[in-house]
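Q: Numbering (the working numbering), first residue to last: 7 to 258.
Glycine is no exception: its CB is placed at the ideal position from the N, C-alpha and C atoms.
This is the structure, below, for whatever I ask next.
Here it is in structure tokens:
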């Protein structure tokens, strides 16, 4: 994650989360439908590193079509100036590992959620809820090893979740986490009992159904603490993407 956004330990955010979500981290036996090694290998080419300003920064992004990726909106802004990066400063490196990518392409254009405001510092929950960006790639990622992800609603409380991210200190390859759980979903924010760190912004959150299907249910926006435990926070993707696709294709 971009480091400035990890400063979500403010009392304002935590007071809002505790009051609005108002639930303990689940202690009952969780359902567990974790991904197999074969399924993980299938996912990896469709997750990539969004390189920012010639690699000075990076986030994680995921394919939702052969030419569209989704990530966290705050990744597209320069924290020093508050201004968005130009598309020319962004590159998507699909399946990045050991210094190589399955496919690398520049970005044609990008849009954020229509209600997202980078400077929304005093309404952290609102910013997290709208922290979504769609980026159109200049070149389509070859569909074969890489397959776009289906997007779905939040899973039930206690559901087992998996993350694939490019974290600081492990940026040469993806970091796989399968020990995450859905700890709550209120006010359009998914709370995950899961530890994340810098570089994880935009990382896809996966849920696997009992019948074997898996879908992307959120992405990583920020981290915080709830009831003394580290949690990650992510927005609802499903209701936002239709509006965002229309906005993306309306741009020149």
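Flag this pair as yes or no: are the beta carbons of residue 164 and residue 187 separated by less than 8 Å?
A: Yes.
Q: Does the beta-carbon distance from residue 224 to residue 242 come in below 8 Å?
A: It is a contact, given that the beta carbons lie within the stated cut-off.
Q: Please say whether residue 227 and residue 137 have beta carbons closer to each other than 8 Å?
A: Yes, the pair counts as a contact, with Cβ atoms nearer than the cut-off.
Q: From the DSSP output, in three-state form, read off residue 161 for me.
A: Of the three classes helix, strand and coil, the one that applies to residue 161 here is coil, per DSSP.
Q: Could you please give me the residues that DSSP links to residue 191 through a beta bridge?
A: DSSP lists 196 as partners of residue 191.
Q: Does DSSP put residue 201 in a helix, in a strand, or in coil?
A: Residue state, collapsed to three classes: coil.
Q: Whose C-alpha, out of 230, 245, 193 and 116, is nearest the C-alpha of residue 81?
A: Taking only the C-alpha atoms, the option nearest residue 81 is 116.
Q: Are there 16 or more other CB atoms within 10 angstroms of the CB of residue 191, so buried, or fewer, so exposed?
A: With 16 or more other Cβ atoms within 10 Å, it is buried.
Q: May I ask which residues mark the beginning and end of the alpha helix (DSSP H) holding residue 250?
A: Unbroken alpha helix (DSSP H) run through residue 250: 244–256.
Q: Give every residue of the same chain whose Cβ lies closer than 7 Å to the Cβ of residue 125, excluding the five residues on either side of it in the sequence, and list them in chain order.
A: If we look at residue 125 and ignore the five residues flanking it on each side, its Cβ neighbours are 88.
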